[in-house]
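Worksheet: one structure, shown below.
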Amino acid sequence: MAAYDSAATARGESVGKKVAIVGGGAAGFFCGIHMKELAGDTDVTIFERQSRVLNKVAVSGGGRCNCTNTFEDVSDLAQVYPRGHRLMKRLFNRFGPEDAYRWFEEHGVALVSQPDHCVFPKSQDSGEIVSLFTNAARKSGVKVLTDSRIDDPVRLLGEYDDVVVTVGGLPSQSALSSALSSYLTLMPCVPSLFSLAIDDRRLHDLMGLVVEKASVSVPSTKFRTSGALLITHWGMSGPAILRLSSHAARHLAGTNYRTPLLVNWTGMSNSEEVRSELLSIAARNSSKLLSSYRPFGLQQRLWDYLLTKFGKSCRWSELSGRNLNRLVELLYDDWYQTSGRAPFKDEFVTCGGVALNTVNPLTMESKEIPHLYFAGEVLDIDGVTGGFNLQACWTTAYVAAEGVLERNP
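Numbering-wise (the working numbering), the sequence shown opens with residue 7 and increments by one.
Encoded structure:
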């Protein structure tokens, strides 16, 4: 370990720690800035392997940066953190979403909460968040080294007092993952938050259509999520699909992303409610063709597509018995076969990373390698879409920064 100048300490001179942060993303910058704000004499260096820092922050939220969430409709953190919810509940007592909101505004970025509880810069520009971090790092004296690839952070402990790893996801084939796995317990990383491809040209023709209250599930599993569903030119996306991909990340990886998918287009909570509503519609519109009345507020294009799958043209008065059962199933448990993830690399989050039972929850320090800390996505913590992953970055980085400074040499 780098030695402290005991003579200087005896003279009452301030001697700060020398800290390396591996990863110039959201967690890395937040950790470094918070560390310097707590102890300005700390020597902090951020190592970033790419030529630019904060790339994922810049493109997050469609370039608007969904920097946190109000959590107002979250009754259980397991709803939004499929992995790591117990740790996040504990860490929120140290630095939670309200603290993050206040931190950004105190640092000059006005925020706004949307009706869906997502929080964005009022400017709707992620560049404002990037500028905040880069400017704050420069003013506080955080050194940032780009094009600086660190494949084995542990080796930095010969030169630095403490090392904080904030590299994001850990692809299993990477040199960094291979190095860390020789020291640490890692959970295998697989993609999370991705769209699903479905080979159905008629479905693709509905590209751009959004169903605001849909539910999706994987049959014979517990995985079921709700939200807006977007039909794309390759299959399905939107919050409902992204949440499903997060909760079912490991299961879907195990199927090579080829699995049956059930869609509830109605917003109803059970099939009997759907049946009752269809019977009520039939009683009021007995002489009309099915195609002339759209149930559950479905858009006409979607209703026409579903009727092609239904395969029968009839009047509402003729909807009974087997035909009624088939239509209930079509609306409530519409079956699709996925053919993979989206045909381009759009995922920004991974499931897996440093096993949480190997990290001190009070400090984010490794139980296996002293003076080695972790923050952000490198940990086995990941959330659904909606600002939850960035909040995990801020929270774990905050705790890691304080853990480093509170640790004895």
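A virtual CB, placed ideally from N, CA and C, is assigned to each residue, including glycine.
**Prompt:** Which two residues bound the contiguous alpha helix (DSSP H) that contains A406?
**Reply:** Here residue 406 is taken as the residue at index 400 of the sequence shown, counted from 1. First-last of the alpha helix (DSSP H) with A406: F394 to E412.
- request: For L97, I'd like the list of residues in its chain whose CB is within less than 6 Å of its CB, leaving aside the five on either flank, ordered along the chain.
  value: Your numbering for residue 97 matches position 91 in the sequence shown. For L97, where only same-chain residues beyond five positions count, the Cβ hits under 6 Å are T401 and V405.
* What's the call for L368, buried or exposed, on a 16-neighbour Cβ count within 10 Å? -> Residue numbering aside, residue 368 sits at position 362 when the sequence shown is read from its first letter. L368 comes out exposed.
- Between the beta-carbon of L93 and the beta-carbon of I387, is there less than 8 Å? Within the sequence shown, the letter at position 87 stands for residue 93. Within the sequence shown, the letter at position 381 stands for residue 387. Yes, Cβ-Cβ distance for L93 and I387 is below 8 Å.
Original post:
Shortest alpha-carbon distance to E283 belongs to which of A220, E111, G22 and L337?
Top reply: In the sequence shown, counting from the first residue as 1, residue 283 sits at position 277. Among A220, E111, G22 and L337, the Cα nearest to that of E283 is on L337.
Next item on the list: Taking all protein chains shown into account, decide if S81 is buried (16 or more other Cβ within 10 angstroms of its Cβ) or exposed.
Entry: Along the sequence shown, one-based indexing puts residue 81 at 75. With fewer than 16 Cβ atoms within 10 Å of its Cβ, S81 is classed as exposed.
Under three-state DSSP, which class holds T140? What you label residue 140 is simply residue 134 of the sequence shown in a count that begins at 1. Here T140 sits in helix by DSSP.
Helix, strand or coil at E278 according to DSSP, with G and I counted as helix:
Locating residue 278 in the sequence shown gives position 272, where the first residue counts as 1. The answer is helix: DSSP assigns E278 an H, G or I state.
List in chain order: all unbroken alpha helix (DSSP H) runs of 4+ residues lying wholly within the segment 243-309.
245-253, 255-260 and 277-290
Which residue's Cα is closest to the Cα of T51: V355, I156, S137 and K62? Sequence index remark: in the sequence shown, residue 51 carries index 45 (1-based). Looking at the Cα atoms, I156 is the closest of the given residues.
For D205, count neighbouring Cβ atoms within 10 angstroms of its own Cβ and tell me buried if that reaches 16, exposed if not. In the sequence shown, residue 205 corresponds to position 199, counting from 1. D205 should be labelled exposed.
Short check: CB of D211 to CB of V269, under 8 Å? Within the sequence shown, residue 211 is the residue found at index 205, counting from 1. Within the sequence shown, residue 269 is the residue found at index 263, counting from 1. Cβ distance not < 8 Å, so D211 and V269 don't count as in contact.
*What residues match up with V419 in a beta bridge as DSSP calls it?*
This structure cannot settle anything about residue 419, because the visible part of the chain is limited to 7 through 415.
Taking all protein chains shown into account, do 16 or more other C-beta atoms lie within 10 angstroms of the C-beta of N72, making it buried, or fewer, making it exposed? By one-based count along the sequence shown, residue 72 stands at place 66. By the 10 Å Cβ count, N72 comes out buried.
>> I want to see whether chain D comes within less than 8 Å of E278, judged by CB atoms only; does it?
In response: Looking at the structure shown, chain D is missing, and only one protein chain is on hand.
Check: What are the uninterrupted segments assigned as alpha helix (DSSP H) that are 4 or more residues long and contained completely in the segment 57-125, given in chain order?
Finding: 61-69, 91-97 and 103-112
query = For P177, which three-state DSSP category applies?
reply = On the sequence shown, position 171 is the one that residue 177 refers to. Here P177 sits in coil by DSSP.
**OP:** Could you tell me the distance, in whole angstroms, from the CA atom of E353 to the CA atom of N363?
**Re:** The sequence position of residue 353 within the sequence shown is 347, counting from 1. The sequence position of residue 363 within the sequence shown is 357, counting from 1. The predicted model places E353 with a pLDDT of 49, which falls under 50 and marks its position as unreliable; any figure quoted below should be read in that light. The straight-line gap from Cα to Cα measures roughly 26 Å.
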